[in-house]
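Chemist:
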Amino acid sequence: MVKCSHNKCGESAVINVAKPYCKDHFIKYFESKVAGTIKKHGLISKKDRIIVACSGGKDSTTVLYLLNKWFGNVTALAIDEGIPGYRNITLEDLRSFCSRNSIPLKVLSYKETFGFSLHEALRKVTVLPCNICGTLRRYLLNSGARGFTKIATGHNLDDEAQSIMMNFMKGNLELAARLGLVTGVVKDEKFVPRIKPLYFCLEKEVAAYAFLQNFSIRFNECPHSRISFRAAVRDFINELEQQQAGTKQNIINNFLKILPLLKR
Ligand code: SF4
Numbered sequence: 007m008v009k010c011s012h013n014k015c016g017e018s019a020v021i022n023v024a025k026p027y028c029k030d031h032f033i034k035y036f037e038s039k040v041a042g043t044i045k046k047h048g049l050i051s052k053k054d055r056i057i058v059a060c061s062g063g064k065d066s067t068t069v070l071y072l073l074n075k076w077f078g079n080v081t082a083l084a085i086d087e088g089i090p091g092y093r094n095i096t097l098e099d100l101r102s103f104c105s106r107n108s109i110p111l112k113v114l115s116y117k118e119t120f121g122f123s124l125h126e127a128l129r130k131v132t133v134l135p136c137n138i139c140g141t142l143r144r145y146l147l148n149s150g151a152r153g154f155t156k157i158a159t160g161h162n163l164d165d166e167a168q169s170i171m172m173n174f175m176k177g178n179l180e181l182a183a184r185l186g187l188v189t190g191v192v193k194d195e196k197f198v199p200r201i202k203p204l205y206f207c208l209e210k211e212v213a214a215y216a217f218l219q220n221f222s223i224r225f226n227e228c229p230h231s232r233i234s235f236r237a238a239v240r241d242f243i244n245e246l247e248q249q250q251a252g253t254k255q256n257i258i259n260n261f262l263k264i265l266p267l268l269k270r
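Numbers 7 to 270, taken from this note's numbering, label the letters of the sequence shown in order.
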């Protein structure tokens with residue numbers, strides 16, 4: 007039986023992500039990593055009013071839970087695109103999570119705002135779902151966040167490594183400049199800055215944390231994500247990571263070195 011790697015802890019390890027850890031020490035390791043990211047990069051100040059962009063999945067629920075625990079007074083913002091068999095389930099999980107933790111939840115839908123759901127739009131036009139969905143989603147997140155000073159998102163290290171590679175592969179240097187721990191190149195009153203507290207956490211670490219904390223969420227995926235460019239890039243990077251451990255971390259580390267130059 008593998009033992010927890012923390013100092014003299016004699017407990018059996020329940021997880022082996024960065025190192026083998028027992029449940030308590032993995033939770034401590036993960037929380038101090040996220041708290042350290044927030045502190046070191048000045049993501050949140052005492053004056054901030056935080057809204058968390060929530061999908062009801064493991065990443066954004068983890069951010070919502072931690073920011074509510076550490077800062078209190080956070081609001082959850084969810085977008086209902088209208089994706090049958092997916093969004094109705096994640097919203098159900100999010101509603102019960104928010105109600106158990108007394109967190110206010112604001113839900114904006116494509117149907118109410120634009121007059122059509124994503125499902126209805128896709129029956130009329132032939133387009134890659136994520137292409138229109140991403141644009142509408144960003145618009146609604148930004149308008150739903152007015153009055154707040156920061157939008158916290160659940161983007162993890164895997165997501166960011168994918169976004170970096172996607173932008174490089176598509177030749178979108180300008181878009182790559184908008185990545186990083188705080189997004190947005192130009193400061194604009196109408197644009198609420200986005201912060202990514204899970205920036206240095208691997209997806210499997212977040213999944214392990216959400217599982218060990220028993221968030222009662224169903225781990226499901228949007229049916230359209232399989233045919234997206236992101237899915238192809240994700241599989242490619244995962245394969246490289248298998249062959250060369252540390253690939254994802256290296257993408258992030260090197261990107262952060264060139265980001266100030268890209269922003270300029
Ligand atoms: Fe929308 Fe694509 Fe995300 Fe599904 S995977 S919610 S279609 S952006």
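Each residue gets a CB set at the ideal place from its N, CA and C atoms; glycine is no exception.
Here the structure is a predicted model, which is why all the values come from computation and not from measurement.
(1) Rounded to the nearest angstrom, what separates methionine 171 and glycine 78 at their Cα positions?
(2) If I'm right that alanine 158 touches lysine 64 with Cβ under 8 Å, what's the distance once you round it to whole angstroms?
(3) Please report the straight-line C-alpha distance between proline 90 and aspartate 165, rounded to a whole angstrom.
(4) Could you please give the first and the last residue of the uninterrupted beta strand (DSSP E) stretch that includes isoleucine 57?
(5) If you drop the 5 nearest sequence neighbours on each side, which residues of the same chain put their C-beta closer than 7 Å to that of isoleucine 258?
(6) Tell me whether the beta-carbon of leucine 201 lies closer than 7 Å to the beta-carbon of leucine 70.
(7) Would you list the residues whose beta-carbon is nearer than 7 Å to any heavy atom of the ligand SF4, in the order they occur in the chain?
(8) Beta-carbon within less than 7 Å of threonine 253's beta-carbon, same chain only, minus the 5 sequence neighbours each way: which residues are those?
(9) With 16 other CB atoms within 10 Å as the buried threshold, where does lysine 156 fall?
(10) Let me know if threonine 67 comes out buried or exposed under the rule of 16 or more other beta-carbons within 10 Å of its beta-carbon.
Modeler: For this structure:
(1) Straight-line Cα distance between these residues: approximately 35 Å.
(2) Taking C-beta atoms under 8 Å as the contact rule, alanine 158 and lysine 64 fail to qualify, at a distance of about 15 Å.
(3) Their Cα atoms are separated by approximately 24 Å.
(4) Start and end: 56-60.
(5) Excluding positions up to five away in sequence, the list reads Leu163, Glu166, Ala167.
(6) Looking at the sequence provided, one finds isoleucine at residue 201 rather than leucine. It is not a contact, given that the beta carbons lie outside the stated cut-off.
(7) Here the residues come out as Glu87, Ile89, Leu124, Pro135, Cys136, Cys139, Gly140, Arg143, Cys228, His230, Ser231, Ser234.
(8) So the qualifying residues of the chain are Ile243, Leu246, Glu247.
(9) Its Cβ being crowded by 16 or more others within 10 Å, lysine 156 is buried.
(10) It is buried - the Cβ of threonine 67 has at least 16 other Cβ atoms within 10 Å.
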